[in-house]
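Counted from 1, the sequence shown has number 290 at position 174 by this note's numbering; the numbering is strictly sequential.
Backbone N, C-alpha and C define an ideal beta-carbon position, used for all residues, glycine too.
Remember, predicted model here, so these are calculated numbers, not experimental data.
Structure first, then comments.
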Amino acid sequence: MPPPPPMPPPYGSTYGSYDSYGYQSPFPGATPRSSSGNRLFWILAAVFVVVILGVVGGIVAFAGSHISRTLSTLTPTFPTISNPSGTVPPPSGSKTQTPTAGPATSPAPPPGGNLSVSGLNENKTLDCNDSVVEISGMSNTVVITGHCASLTVSGIENTVTVDAVDTIEASGINNKVTYHSGSPKVSKSGSGNVVQQG
Numbered sequence: 117m118p119p120p121p122p123m124p125p126p127y128g129s130t131y132g133s134y135d136s137y138g139y140q141s142p143f144p145g146a147t148p149r150s151s152s153g154n155r156l157f158w159i160l161a162a163v164f165v166v167v168i169l170g171v172v173g174g175i176v177a178f179a180g181s182h183i184s185r186t187l188s189t190l191t192p193t194f195p196t197i198s199n200p201s202g203t204v205p206p207p208s209g210s211k212t213q214t215p216t217a218g219p220a221t222s223p224a225p226p227p228g229g230n231l232s233v234s235g236l237n238e239n240k241t242l243d244c245n246d247s248v249v250e251i252s253g254m255s256n257t258v259v260i261t262g263h264c265a266s267l268t269v270s271g272i273e274n275t276v277t278v279d280a281v282d283t284i285e286a287s288g289i290n291n292k293v294t295y296h297s298g299s300p301k302v303s304k305s306g307s308g309n310v311v312q313q314g
């Protein structure tokens, strides 16, 4: 039977330690960290994370509501064309006339009424008659004759020409509003909107 292995030195013994050679231990008397300092760090870290998440959530909520409000004004409207018989009669004669695309003219509203144009690539002419006019959507071209109480243009790349108006509000992106006469009160927001006399 082999002899038993030697016993290790007792705990705290100086045998084989740095002290036996005149060196100090690199971590003399290392004390454990206090748990209260650690706890304070984690509490502050958690509060910081909650605040950051709250700020990011607020920004996302604000941007989402602003974008959905803008997109709701950009919803295109398309006219419905129906043929009661279901078939298209063949053209009579040898010549076919091609209709010309001109601006659609709306009938005059009652004085002080409300007018609205929305959609995509609309081309319209309106008689204002002291009305409140709202233009929204994208790439619409609108000519307004007469005097308007107010004109609000929103959306993207709309071009509006008006004879005379008391107030003009332009918001959205790259809208252009031209008024012929008067000195309207002008309010602009958004990006690249132009309101000018011409």
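Of all the options the options, which has the alpha carbon lying nearest to the alpha carbon of residue i?
i      : options                           : result
Ser252 : His263, Thr261 and Lys240         : Lys240
Asp243 : Ala162, Gly262 and Val276         : Gly262
Ser320 : Val259, Ser307, Tyr295 and Ile260 : It is not possible to answer for residue 320, since the shown part of the chain is limited to 117 through 314.
Residue i to residue j, Cα distance in whole Å?
i      : j      : result
Phe178 : Val310 : 26 Å
Gly174 : Gln312 : 37 Å
Phe157 : Gly180 : 34 Å
Ile272 : Lys292 : 10 Å
Met123 : Met117 : 18 Å
Thr275 : Gly314 : 13 Å
Phe164 : Asn290 : 40 Å
Val317 : Ser234 : The shown model of the chain, from 117 to 314, leaves out residue 317, and the question about it has no answer.
Ile159 : Val166 : 11 Å
Val176 : Ala162 : 21 Å
What does a CB cutoff of less than 6 Å around residue i pick up in its chain, not counting 5 residues either side in sequence?
i      : result
Glu285 : Thr268 and Ser303
Glu238 : Asn256
Ala265 : Asp246, Val248 and Asp282
Lys301 : Thr283
Thr277 : Val259 and Thr294
Glu250 : Ser232 and Thr268
Ile168 : none
Among the residues of its own chain, which have a CB less than 8 Å from the CB of residue i, if the five just before and after it don't count?
i      : result
Gly229 : Asn245, Ser247 and Val248
Asn154 : none
Pro227 : Asn245, Asp246 and Ser247
Pro121 : none
I think residue i touches residue j, with their Cβ atoms under 8 Å apart; what is that distance to the nearest whole Å?
i      : j      : result
Asp279 : Ser297 : 7 Å
Identify, in the order they occur along the chain, each residue of the same chain with its Cβ nearer than 7 Å to the Cβ of residue i, setting aside the five sequence neighbours on each side.
i      : result
Ser305 : Ser287
Leu236 : Pro192, Gly253, Met254 and Ser255
Gly170 : none
Asn199 : Bear in mind that a pLDDT of 47 at Asn199, under 50, signals an unreliable position, so the number given afterwards is only what the model happens to contain. Cβ within range, chain order: n/a, list empty.
Is there at least one Cβ from chain B nearer than 8 Å to residue i's Cβ?
i      : result
Ser307 : You won't find chain B in this structure, because it holds only one protein chain.
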